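Visitor: In terms of this note's numbering, the sequence shown is residues 1 to 509. Every residue gets a Cβ at the ideal spot worked out from N, C-alpha and C, and that includes glycine. These numbers were taken from a predicted model, which means no experiment stands behind them. Dumping the structure here so I can ask a few things about it.
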Amino acid sequence: MAVNNHLISLMVLLPLIGVIFQAFLPKRTGVSSESLSRWAALVTSLAGSIFGFILIATMSRQTPELQAVESFSWVGAYAISYEVGIDGLSALLVLLVAIVFPILIAAEWNQKNGSRGMYALFLILQSTLAGALCAQDLFLQFFFWAVSALPFYFLVGIWGGEQRENSASRLISVSSIGNAFVLAALILIYYAADPHTFSLRELANSRLAEKNFEIFEHRLSVAPVAFGLLAAGLGLRTAVWPFHGWFTGVAKEAPASVFVALCGATIPVGVYIFIRLAYSLFPETLVASVGWIIAVGVLNVAVGMVSAVAQRDLRLLLAFFCISEMGFILIGLASLNPAGMVGAVYQQLSLGLGLAGFGLFSGIITERAGHSVFLPEDGETSKFGGVAMRAPLIAVIAGAFTVSLLGFPGFGGFVGKTLVYLGSYPGYPVPLVIAIVTMLLATYCLFTMYRQMFLGHAGAESEKVLDLGIRERSYLLPLVLALLICGIYPKPLLELVRPTVLTLLSLVK
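Right, here's the structure in full:
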């Protein structure tokens, strides 16, 4: 068996070897045991990521077809198979997962409290998210997606803040409800297909729009009901308005690395699953629902950004900014335009990298100062200020993440946002203008944060903010470099995405 024929399986399975290693590592204390645990987690995470990088580097950029396909029967009696593959739609998020998770393990290098458990849970997340991105069998994709919710329950519940139990309970409750909706949609799709199957390639030719089912003596069409169940289930887990209440609680209580795993990697994967299934299985229903999707996108942009302006805490500011940006991505995906959709897919990569960097930066500030409140209440003096004089490198890197999130030229955020503007304007000028005007608040919001923390006179907490150490530089500088590459030379990645996007759009024209 050639390694090249099993790149996806190796990418998915190697992190799980690290999980097994963490589980069977002898239970003894000491520097050597902790060091062994750290290095085992980092090496297995990097090994999975390296196969992901090889997979993307060897992909053809001229074809929209699935590549690196592996398939064998899993539960033959119910047409469930292990079927995986990658194309331009999933490639950028595979790249995102491959970059982010080794960095998260490096960020938790000095974790003392149950470090083996934390590393194991991160490795499970890396494996399940990569699997969900590459799965071409609906049941297999649901399996990976549903399992990815469990690590967050423990990561928040064990290593979170004072309200960690409540936040973890809300997270798993919402995730379970969302997964139940998605499972209901899958069962409906399975029985509507003739012959019954979970294969995405076969379901794409099943004409689900013509299928009906009966419930309580009422005859309903399969496509709109299954589409609605998927939208609700995935919307719950991706914190789309109005299902975002649980997300802000988790943002406040979760460790910075866990928050990054959620907003920087898991939420984009949920959006990807919706795009994949909506365009492939329900093109007619998608076209009929475009107005609603655009409206939800605009509301996400507006509600998220207006809420962000009112925040005093760095982590909550970032959470609402994430909600707002996801709305902007929805507008691009619903534009039914090549530029808009390519831009939205590209923006998911850029946003994930930017949120990862900014989230880890917020964790460093919290570790140094004991909190991340950057804006004083009325009558109070600023707790921070003048940090750029004491810690110039952290100021420069925080500035890089800030301008990337805002979409400044030279960074990845500029490319994705510009393409969304170009693609959305011809069909939906009014919602796009509303979204752009609302996004101007983002500039005010993030630059106010930056001014309060890094410029002006030193505050009482500023002396606690020391500059970045070698370990922190080792995981933050690669993120800055990745954002610069995405902004300065996006051509290879855009060429990877475009053929698949054109094929999906041909289904709805």
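1) Around the Cβ of phenylalanine 72, are there at least 16 other Cβ atoms within 10 angstroms (buried) or fewer (exposed)?
2) If you draw a straight line from the C-alpha of isoleucine 158 to the C-alpha of valine 287, how long is it?
3) Under 8 Å between the Cβ atoms of methionine 326 and serine 335?
4) Just list the residues that DSSP pairs tyrosine 82 with in beta bridges.
5) Leaving out the 5 sequence neighbours to the left and right, which residues in its chain are closer than 8 Å to valine 497 when beta-carbon positions are compared?
6) Quick check on the DSSP output: the beta strand (DSSP E) that includes phenylalanine 213 runs from which residue to which?
7) If you drop the 5 nearest sequence neighbours on each side, which residues of the same chain put their C-beta closer than 6 Å to that of leucine 66?
8) Grouping DSSP H, G and I as helix and E and B as strand, with all else coil, what is histidine 244?
9) Hey, would you say leucine 186 sits closer than 8 Å to phenylalanine 142, going by beta carbons?
10) According to DSSP, which residues form a beta bridge with leucine 220?
11) At a cut of 8 Å, does the stretch 404-419 reach the stretch 350-361 through at least three beta carbon pairs?
12) Give me the DSSP bridge partner(s) of glutamine 67.
13) Going by beta carbon distance, what residues of the same chain come within less than 7 Å of phenylalanine 144, once the five residues before and after it are set aside?
14) Sorted by chain position, which residues of the same chain lie with C-beta nearer than 6 Å to alanine 146's C-beta, five sequence neighbours on each side aside?
15) Secondary structure at serine 324, three-state DSSP: helix, strand or coil?
16) Determine the extent of the alpha helix (DSSP H) in which glutamine 126 is found, giving its start and end residues.
17) Starting from the C-beta of valine 19, find all residues in its chain whose C-beta is less than 7 Å away, skip the five residues before and the five after it, and write them out in chain order.
18) If I follow the unbroken alpha helix (DSSP H) through leucine 393, where does it start and stop?
19) Under 8 Å Cβ to Cβ from alanine 391, same chain only, skipping five residues before and after it: list those, please.
20) Between the stretch 228-238 and the stretch 273-291, do at least 3 Cβ pairs fall closer than 8 Å?
21) In terms of residues, what are the limits of the alpha helix (DSSP H) holding serine 173?
22) Using only alpha-carbon positions, find the residue among Ser169, Val480, Gln348, Ala223 that is nearest to alanine 184.
23) Cβ of glycine 297 within 8 Å of Cβ of phenylalanine 328?
24) What would DSSP say about valine 342, mapped onto helix, strand or coil?
25) Thinking C-alpha only, which one of Asp137, Ser175, Gln163 is nearest phenylalanine 152?
26) Out of Phe243, Leu25, Ser324, Ala47, point me to the one whose CA is closest to alanine 442's CA.
27) Would you mind stating whether leucine 299 and tryptophan 246 have Cβ atoms separated by less than 8 Å?
28) Going by C-alpha to C-alpha distance, which of Gln452, Glu367, Tyr272, Thr366 sits closest to alanine 388?
29) Per DSSP, which one or two residues make a beta bridge with serine 199?
30) Pull up the CB-CB distance for lysine 252 and arginine 315, whole angstroms please, since I reckon it's below 8 Å.
31) So for glycine 379, helix, strand or coil by DSSP?
32) Excluding five sequence neighbours on each side, which residues of the same chain lie with their C-beta closer than 6 Å to the C-beta of proline 255?
33) Whose C-alpha, out of Ser37, Cys486, Met449, Pro426, is nearest the C-alpha of leucine 353?
34) Spatial neighbours of asparagine 513 within its chain, please: CB distance less than 7 Å, with the 5 preceding and 5 following residues excluded, ordered by chain position.
35) So, valine 225 versus leucine 188, is the Cβ gap smaller than 8 Å?
Guide: Reading off the structure:
1) To locate residue 72, count along the sequence shown from 1; it is residue 72. Residue environment analysis places phenylalanine 72 among the exposed positions, since fewer than 16 neighbouring C-beta atoms fall within 10 angstroms of its C-beta.
2) Counting from one through the sequence shown, the residue named residue 158 turns up at place 158. Counting from one through the sequence shown, the residue named residue 287 turns up at place 287. When rounded, the distance between both Cα atoms is 44 Å.
3) Reading the sequence shown from its first residue, position 326 is the one you call residue 326. Reading the sequence shown from its first residue, position 335 is the one you call residue 335. No.
4) The residue labelled residue 82 in the question sits at position 82 within the sequence shown. Looking at the DSSP assignment, tyrosine 82 forms a beta bridge with Phe72.
5) Working through the sequence shown from its first residue, we reach residue 497 at position 497. By the criterion of a C-beta distance shorter than 8 Å, valine 497 is surrounded in its chain by Gly88, Leu89, Ala91, Leu92, Val342, Val345, Tyr346, once the five residues flanking it on both sides are discounted.
6) Numbered from its first residue, the sequence shown carries residue 213 at position 213. Its beta strand (DSSP E) spans residues 212-215.
7) On the sequence shown, position 66 is the one that residue 66 refers to. Gly85, Asp87.
8) Within the sequence shown, residue 244 is the residue found at index 244, counting from 1. The DSSP-derived three-state label of histidine 244 is coil.
9) Stepping through the sequence shown from its first residue, residue 186 is reached at position 186. Stepping through the sequence shown from its first residue, residue 142 is reached at position 142. Cβ distance < 8 Å, so leucine 186 and phenylalanine 142 count as in contact.
10) In the sequence shown, counting from the first residue as 1, residue 220 sits at position 220. DSSP lists Phe213 as the bridge partner or partners of leucine 220.
11) Flag = yes, the stretch 404-419 and the stretch 350-361 touch.
12) Within the sequence shown, numbered from 1, the residue matching residue 67 stands at position 67. Bridge partners of glutamine 67: Ile86.
13) Translated into positions along the sequence shown, residue 144 becomes position 144. Closer than 7 Å at the Cβ level, and outside the excluded window around phenylalanine 144, lie Thr128, Gly131, Ala132, Ala135.
14) Along the sequence shown, one-based indexing puts residue 146 at 146. If we look at alanine 146 and ignore the five residues flanking it on each side, its Cβ neighbours are Asn179.
15) Residue 324 sits at position 324 when you count from the first residue of the sequence shown. In this structure, serine 324 counts as helix in the three-state DSSP scheme.
16) Indexing the sequence shown from 1 puts residue 126 at position 126. Its alpha helix (DSSP H) spans residues 115-134.
17) Indexing the sequence shown from 1 puts residue 19 at position 19. Taking valine 19 as the centre and dropping the five residues before and after it, the same chain places the C-beta of Ala120, Leu123, Ile124 closer than 7 Å to its C-beta, in chain order.
18) As a position in the sequence shown, residue 393 is number 393, starting the count at 1. Per DSSP, leucine 393 belongs to the alpha helix (DSSP H) from 392-406.
19) Taking the first residue of the sequence shown as position 1, residue 391 is located at position 391. Close CB contacts of alanine 391 within its chain, under the 8 Å cut and outside five residues either way in sequence, are with Val465, Leu466, Asp467, Leu468 (chain order).
20) Short answer: they touch.
21) Along the sequence shown, one-based indexing puts residue 173 at 173. Segment 164-192, the alpha helix (DSSP H) holding serine 173.
22) Taking the first residue of the sequence shown as position 1, residue 184 is located at position 184. The option with the nearest alpha carbon to alanine 184 is Ala223.
23) Against the sequence shown, residue 297 aligns to sequence position 297. Against the sequence shown, residue 328 aligns to sequence position 328. Contact flag set, yes.
24) On the sequence shown, residue 342 is found 342 positions in, with the first residue counted as 1. Valine 342 falls in the helix class under three-state DSSP.
25) Your numbering for residue 152 matches position 152 in the sequence shown. Among Asp137, Ser175, Gln163, the Cα nearest to that of phenylalanine 152 belongs to Ser175.
26) Taking the sequence shown and counting its residues from 1, the one referred to as residue 442 is at position 442. Closest by alpha carbon: Ser324.
27) As a working mapping, residue 299 is identified with position 299 in the sequence shown. As a working mapping, residue 246 is identified with position 246 in the sequence shown. Contact: no.
28) On the sequence shown, residue 388 is found 388 positions in, with the first residue counted as 1. Cα-wise, what sits closest to alanine 388 is Gln452.
29) For this step, residue 199 is matched to residue 199 along the sequence shown. According to DSSP, serine 199 bridges with Asp137.
30) To locate residue 252, count along the sequence shown from 1; it is residue 252. To locate residue 315, count along the sequence shown from 1; it is residue 315. Indeed, because the Cβ distance is near 6 Å, the residues count as touching under 8 Å.
31) As a working note, residue 379 is residue 379 in the sequence shown. With a pLDDT of only 47 at glycine 379, under 50, the local geometry of the prediction cannot be trusted, and the value read off the model is given with reservation. Coil, per DSSP.
32) Residue mapping note: residue 255 aligns to position 255 of the sequence shown, counting from 1. Same-chain partners within the cutoff: Trp159.
33) Position 353 of the sequence shown, counted from the start, is the residue given in the question as residue 353. When only C-alpha atoms are compared, the closest one is Cys486.
34) In the structure displayed, the chain extends from 1 to 509; residue 513 sits before or after that span and is not available.
35) Along the sequence shown, one-based indexing puts residue 225 at 225. Along the sequence shown, one-based indexing puts residue 188 at 188. Closer than 8 Å, so yes.
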